[in-house]
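From first to last, the protein sequence lines stand for chains A and B. Each residue of the first sequence is one higher than the last, beginning at 7 in my numbering. Each residue of the second sequence is one higher than the last, beginning at 7 in my numbering.
There are 2 protein chains.
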Amino acid sequence: MAHVGIVAEGRPYVIPVLYARNGTELYVHGSPLSRLLGTLAQGVPMCLTVTLVDGLVFARSAFHHSMNYRSVVVLGDGYPIADREEKLEALRMIVEHVAAGRAGEAREPDHQELKATEVVALPIREASAKIRTGPPVDAADDYALPVWAGEVPVRTRFEEPVPDTRCTEPVPTYIRDYRRAYA
Amino acid sequence: MAHVGIVAEGRPYVIPVLYARNGTELYVHGSPLSRLLGTLAQGVPMCLTVTLVDGLVFARSAFHHSMNYRSVVVLGDGYPIADREEKLEALRMIVEHVAAGRAGEAREPDHQELKATEVVALPIREASAKIRTGPPVDAADDYALPVWAGEVPVRTRFEEPVPDTRCTEPVPTYIRDYRRAYA
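This is the structure in structure tokens:
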């Protein structure tokens, strides 16, 4: 999951989206965006940010509190995908990014569904990544303070799948052993 | 944690931040923003979005795949807090939002640290919340398809605290029993 930012009438909007990466491009499920912007124009300045929180970092001083995390900020100009085959392939990649193996099983979008789905391609023009790991770093004098310091690790857990009540199919392996594409 | 969006030279930027809520205002730890914007002007259009993912929703058709989630999008014009006491209180609230009980134990910012910390107040002018829960909703004809459908619940787990190697203090209760302010 990512948060994508766009500008409308000079104001920023930040929306949670699903996405996939195809080499030097990102594909973004655009429906939440197009509701906001109307029909997306060509070359819309966009920022797509992904953040994974790995831990809360407690220092002895308020100032040095922090998070352990991995984040990436991608800048570029997005445009809606018009070509039918390219759009289908982008949607497949978004589904596969969420759950590898799924695109081959789920029914593909029909003509109406495809028309109703906006997919935005975002060529990666600039990107920056940040990673923080490890313990808190306090000012030298503060290590003597009687304040607990350390990290509370944060993990994302995927629990037992819950079948739809109308579903009698067995649970596929890629669902039973579900894991994030990028751990 | 939130993702905050701002506009600089017509382009959107989306940055992960820590924050707190004080009635009709949000406080945002502004340092990551000010690095981007230089000195923040008065009344900067901002968007602050918080998203909690509760589950991945697998429908029989690609089109009806979805997420269960809770999100809120807040719009307003942010401004840097100049007043010393207000800034200290805002920082306390941000620390307390991350871990209730912590602000009373950690050493408060000194003069230099306070100067080096930017805190942005964001009065909530407009906000919208979205929640999706429950099973997939497929088109009537698709329920007969031999495709597994259901939800993979997603949970955030806070693991055993890891003390800093130079820390000999006992683990405080609010760390040992750590939980998010809004579950």
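Heads up, the beta-carbon is just placed ideally off N, CA and C, and yes, glycines get one too. The model shown is predicted, which means the values in this text are computed figures rather than measured ones.
DSSP-derived helix/strand/coil call for residue i
i, result
"A/M7", "coil"
"B/T179", "helix"
"A/R151", "A quick correction: the sequence has Leu, not Arg, at residue 151 of chain A. Coil, per DSSP."
"A/P38", "helix"
"A/A145", "coil"
"A/E119", "helix"
"B/T174", "coil"
"B/E132", "strand"
Beta carbon of residue i nearer than 7 Å to that of residue j
i, j, result
"B/V20", "A/T55", "yes"
"A/A26", "A/I100", "yes"
"B/A105", "B/Y180", "yes"
"B/V13", "A/V126", "no"
"B/N74", "B/T139", "yes"
"A/R76", "A/I130", "no"
"A/P6", "B/D170", "Since the first residue shown for chain A is 7 and the last is 189, residue 6 of chain A is missing from the structure and cannot be characterised."
"B/A150", "B/F64", "no"
"B/A109", "B/E102", "yes"
"B/D183", "B/H70", "no"
"A/P18", "B/P176", "no"
Rounded distance between the beta-carbons of residue j and residue i, thought under 8 Å
i, j, result
"B/G82", "B/L128", "5 Å"
"A/M7", "B/V10", "Not a contact, Cβ separation roughly 17 Å."
"A/R66", "B/A112", "7 Å"
"B/L94", "B/E119", "B/L94 to B/E119, Cβ: 10 Å. No contact."
"A/A133", "A/V78", "6 Å"
Residue i CB to nearest heavy atom of the ligand PLP below 6 Å
i, result
"A/T174", "No copy of the ligand PLP appears in this structure; indeed no ligand is present at all."
Length of the line joining the Cα atoms of residue i and residue j
i, j, result
"B/P178", "A/G16", "46 Å"
"A/V168", "B/E124", "45 Å"
"A/A146", "B/E92", "28 Å"
"A/E157", "B/V80", "30 Å"
"A/C53", "B/G84", "20 Å"
"B/T57", "A/Y33", "20 Å"
"B/D116", "A/D148", "12 Å"
"A/A135", "B/P22", "12 Å"
"A/P152", "A/S37", "52 Å"
"B/S40", "B/Q48", "13 Å"
"B/G107", "B/R98", "10 Å"
"B/S72", "B/L62", "6 Å"
"A/N28", "A/D89", "16 Å"
"A/G165", "B/K121", "Reading off the sequence shown, one finds Glu at residue 165 of chain A, where the question assumed Gly. Approximately 45 Å between the Cα atoms of the pair."
(request) Output the residue ranges of the beta strand (DSSP E) runs that lie fully inside the region 54-116 of chain B and measure 3 residues or longer, sorted by chain position. (result) Counting only runs of 3 or more, we get 72-86.
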